[in-house]
Amino acid sequence: MNARNIPYCLASAIVVLAAVAAQSAQAQSSTTATSVQPMFSVGPKFQQTTGESIYRSVCQGCHMPQGEGAKGAGAYPPLARNKNLEARGYAVYLVVNGQRGMPPFGEMMSDGQVAEVVNYVRTHFGNNFTDAVTATDVKQVRR
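The sequence shown begins at 907 in our numbering and counts up one residue at a time.
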């Protein structure tokens, strides 16, 4: 492992651990489920398919359940009421390629999964950006 990759590995480990804790807390507080999504992914790809389930399993560990962000060992920017999300390509690029403390998730998500989670974040947490991202849009960013 190259020393340049260590921050991404640590960030990925933190995301996974935080997601496990968040999923556990969510499972304990929820008595009914409308759809069954895997709590954990097996292998190198995420198995969740809806934007909400991807957010809950992957993103909320750092960005918090309501997208409010956090500060502590690192700074995790809020996604709630975030004007940067108006540019569809910006959010897609960050999810696929990462930036600074955010690890890249492009190899762990399909184009459809990236589109789902980006659309979820862009239409929740006080965001109302309704021009949907498609899997084709994500594919263009991957080039």
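We treat Cβ as the ideally placed atom computed from N, Cα and C, and that holds for glycine.
Where the alpha helix (DSSP H) containing residue i begins and where it ends
i: VAL1002; result: 994 to 1003
i: ALA1041; result: 1041 to 1048
i: GLN972; result: That residue, GLN972, is in no alpha helix (DSSP H); it is neither H nor E in DSSP.
i: VAL1020; result: 1017 to 1028
i: GLU958; result: 957 to 960
Residue i Cβ short of 8 Å to the ligand MG heavy atom set
i: ASN1033; result: The ligand MG is not among the ligands present in this structure, which contains no ligands whatsoever.
Cβ-Cβ separation, residue j to residue i (assumed contact under 8 Å), whole Å
i: THR999; j: ASN990; result: The displayed chain sequence assigns Tyr, not Thr, to residue 999. About 11 Å separates the two Cβ atoms, so there is no contact after all.
i: VAL1039; j: ARG994; result: 5 Å
i: GLY957; j: ASN1033; result: Contact doesn't hold; Cβ gap of about 12 Å is too wide.
i: MET1037; j: ALA1021; result: Residue 1037 is actually Asp in this sequence, not Met. That pair is no contact at about 12 Å.
i: VAL955; j: GLN1019; result: Note on residue identity: the sequence assigns Thr, not Val, to residue 955. Yes, they are in contact, since the Cβ atoms of THR955 and GLN1019 sit about 7 Å apart, within 8 Å.
i: GLN972; j: PHE1031; result: 6 Å
One or two residues paired with residue i in a DSSP bridge
i: LYS977; result: ALA981
i: MET1008; result: GLN1005
Touch test, the stretch 978 to 985 against the stretch 1012 to 1021, Cβ-Cβ under 8 Å, three pairs minimum: no
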